[in-house]
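Enquirer: Residue numbers (our numbering): 399 to 956.
From the three backbone atoms N, C-alpha and C, an ideal C-beta is built for every residue, glycine too.
Supplied in structure tokens, the structure appears directly below.
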């Protein structure tokens with residue numbers, strides 16, 4: 399209630415805008431009608447039957463635009479989640495634009511002095527007061543350092559952190575109310591989406607983080623003369639100010655109309671694909687929004703990426719899953735597709751796996767044995783997202799961001815050279831990922847990690863079992879079962895206990911063997927009473943192994 403009172407005026411604004419664009423029925427269902435003035439309560443339609451004549455996607459976009467920076471950013475994030483929302487709505491949300499008045503130059507200069515401790519006049523030999531770009535979170539000014547370098551200075555708008563923080567508190571409250579009243583909202587995990595958005599926008603407002611992301615990709619391409627990434631000037635950067643090398647080349651719209659020896663469209667298209675795949679599948683960090691406004695082009699077919707406020711991260715496991723997804727489609731392996739999507743995502747309870755596999759088989763048949771040139775990766779990704787939407791499967795944001803970025807990239811490539819296939823260029827990357835997966839070092843690393851996980855799980859099981867029994871004893875857990883079910887449960891528990899014991903003995907045996915190998919590697923041979931310590935350990939483990947094995951065979955349950 400305290401938060402409601404503190405944000406009362408903002409709640410009223412949000413509710414009024416929702417009613418204005420035909421979402422009054424939501425306001426009514428979640429119990430927020432009382433926030434409207436009495437005349438508006440009388441005049442408004444809360445039935446949801448007539449509403450607004452405009453298409454749903456457009457009405458959602460207009461709501462976000464009218465509610466300002468936080469909601470515009472939320473809409474832009476949702477536009478990337480084509481694994482969750484219909485394509486028509488995602489398409490409409492991509493049109494979201496910031497309509498903001500630039501901050502007064504004197505306020506900008508005072509922010510620079512406050513953040514960097516020195517007046518702008520002493521930091522820059524020139525500072526253009528008219529910004530070159532203005533958005534809801536920040537604006538960018540062109541400047542020249544006293545050392546002569548041309549830079550772009552990105553400055554966060556004053557008080558924007560407070561505005562966004564307040565709106566996120568309200569969004570959290572609204573998400574809880576909406577999930578409580580609508581099953582579709584619970585299925586799509588609206589509360590989790592708000593938390594994902596909260597993290598994303600906090601990251602976007604942290605220019606230290608954006609600077610680090612930019613620098614990682616800058617270093618990755620530092621020896622590649624064909625790809626340009628702006629340099630970060632850390633001495634002129636804080637959490638609220640980011641100073642970067644100023645880059646300005648040919649825009650994509652101008653490139654498509656330019657055909658000279660300096661700009662070969664086919665070379666640029668292939669280079670664009672390879673540079674993106676290098677980021678995602680080699681460096682493990684990629685530009686999350688490679689749209690035309692974030693790309694510049696230079697003679698000799700050079701490409702520059704700017705604005706790394708939105709990046710995706712792929713670890714080795716995620717790269718492997720992505721490669722497996724494509725391989726599963728190409729090989730027509732439904733089981734591989736199912737296992738990969740299972741590993742990549744969060745499956746809802748009660749999902750019909752049989753029907754899901756049937757849909758995967760239909761998807762497999764659509765692309766099986768087709769040559770790469772006939773397969774559009776954008777359509778493949780859309781088809782996968784359609785299936786995940788159908789079964790309410792939640793795809794982690796980095797996968798959905800990768801999918802959206804590849805769809806955007808394919809759109810650009812098609813305009814440059816329609817004969818180029820992203821899948822054909824990506825095939826060697828996938829092969830390399832699979833070969834690395836079989837590398838002895840990688841295998842041993844994964845085996846050791848699995849061993850540690852097994853040991854940790856074995857340690858936790860008794861505690862979890864004890865906690866469950868305590869709850870059962872105290873009457874906190876109510877279980878109803880018939881006697882045959884109880885007997886079956888006891889048999890299963892007996893088998894589980896035997897398997898745990900068997901696994902722990904195998905784990906101990908593996909650890910002893912690992913110790914022997916390490917000892918041999920380092921030339922160490924510890925002894926106890928003249929007997930090698932590892933001989934004693936092996937004898938004890940083998941003895942325990944035989945006892946457990948004998949007990950299991952007697953019970954006949956494993």
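#1: From this set, 819, 776, 740 and 407, which residue's C-alpha is nearest residue 564's C-alpha?
#2: Based on DSSP bridge pairs, tell me the residues matched to residue 702.
#3: I'd like to check one pair, residue 534 with residue 566: are the Cβ atoms closer than 8 Å?
#4: Is the separation between the beta-carbon of residue 636 and that of residue 616 shorter than 8 Å?
#5: Does any residue of chain B bring its CB to less than 8 Å from the CB of residue 429?
#6: Are the beta-carbon atoms of residue 465 and residue 415 separated by less than 8 Å?
#7: Tell me, please, which residues DSSP counts as bridged to residue 554.
#8: Quick check on DSSP: helix, strand or coil for residue 548?
#9: Look up residue 542 in the DSSP assignment and say whether it is helix, strand or coil.
#10: Determine whether the beta carbon atoms of residue 688 and residue 806 lie at a separation below 8 Å.
#11: Find out if the Cβ-Cβ distance for the pair residue 762, residue 786 is shorter than 8 Å.
#12: Exposed or buried, which one is residue 788 when buried takes at least 16 other CB atoms within 10 Å?
#13: Considering residue 710, what are the terminal residues of the alpha helix (DSSP H) in which it resides?
#14: Given this structure, state the Cα-to-Cα distance separating residue 665 from residue 729, to the nearest angstrom.
#15: Residue 663 to residue 506, Cα distance in whole Å?
#16: Checking the sheet assignment: what are the DSSP bridge partners for residue 718?
#17: Can you tell me whether residue 568 is buried or exposed, with buried defined as 16 or more other CB within 10 angstroms of its CB?
#18: Out of 684, 638, 573 and 590, which one is the CA nearest neighbour of residue 614?
#19: What span of residues does the alpha helix (DSSP H) with residue 395 cover, start to end?
#20: If you draw a straight line from the alpha carbon of residue 941 to that of residue 750, how long is it in whole angstroms?
#21: What are the start and end residues of each continuous alpha helix (DSSP H) run of 4 or more residues lying completely inside the stretch 568 to 592, in chain order?
#22: Is it right to say residue 404 is buried, meaning 16 or more other beta carbons lie within 10 angstroms of its own, or is it exposed?
#23: Taking DSSP's pairing of strands, which residues face residue 786 in a bridge?
#24: Tell me the rounded alpha-carbon separation between residue 631 and residue 543.
#25: Helix, strand or coil for residue 430 per DSSP?
#26: Measuring straight from C-alpha to C-alpha, what distance separates residue 547 and residue 811?
#27: Evaluate residue 691 with the Cβ neighbour count: other Cβ atoms within 10 Å of its Cβ, from every protein chain shown; 16 or more gives buried, anything less gives exposed.
#28: Starting from residue 525, follow its DSSP beta bridges and name the residues at the other end.
#29: Buried or exposed, going by whether 16 or more other CB atoms sit within 10 Å of the CB of residue 716?
#30: Looking at the unbroken beta strand (DSSP E) that takes in residue 405, where does it start and where does it end?
#31: So what does DSSP say about residue 666, is it helix, strand or coil?
#32: Give the C-beta separation of residue 592 and residue 610 to the nearest angstrom, bearing in mind that I take them to be a contact with Cβ-Cβ under 8 Å.
#33: Do you know offhand how far residue 413's Cα is from residue 706's?
#34: Would you kindly work out how many angstroms separate the C-alpha atoms of residue 880 and residue 586, rounded to a whole number?
#35: Starting from residue 831, follow the alpha helix (DSSP H) in both directions and report where the run begins and ends.
#36: What residue range is occupied by the uninterrupted alpha helix (DSSP H) comprising residue 774?
Expert: According to the data block:
#1: 407
#2: 626 and 694
#3: no
#4: no
#5: Absent from the structure is chain B; it holds one protein chain and no more.
#6: yes
#7: 536
#8: strand
#9: strand
#10: yes
#11: no
#12: exposed
#13: Run containing residue 710: none in the alpha helix (DSSP H); it sits in the beta strand (DSSP E), 709 to 711.
#14: 30 Å
#15: 40 Å
#16: Residue 718 pairs with nothing; no bridge assigned.
#17: buried
#18: 684
#19: Residue 395 lies beyond the range of the chain shown here (399 to 956); nothing can be said about it.
#20: 46 Å
#21: 581 to 585
#22: exposed
#23: None; residue 786 has no bridge partner.
#24: 10 Å
#25: coil
#26: 33 Å
#27: exposed
#28: 541
#29: buried
#30: That residue, residue 405, is in no beta strand (DSSP E); it is neither H nor E in DSSP.
#31: helix
#32: Going by Cβ atoms, the distance from residue 592 to residue 610 rounds to 26 Å, so no, they are not a contact pair.
#33: 34 Å
#34: Summary for residue 880: the model assigns pLDDT 47, below 50, so the residue's position carries little reliability; its value from the coordinates is reported in the next sentence. If you take the alpha carbons of residue 880 and residue 586, they lie about 36 Å apart.
#35: 820 to 835
#36: Run containing residue 774: none; DSSP gives neither H nor E here.
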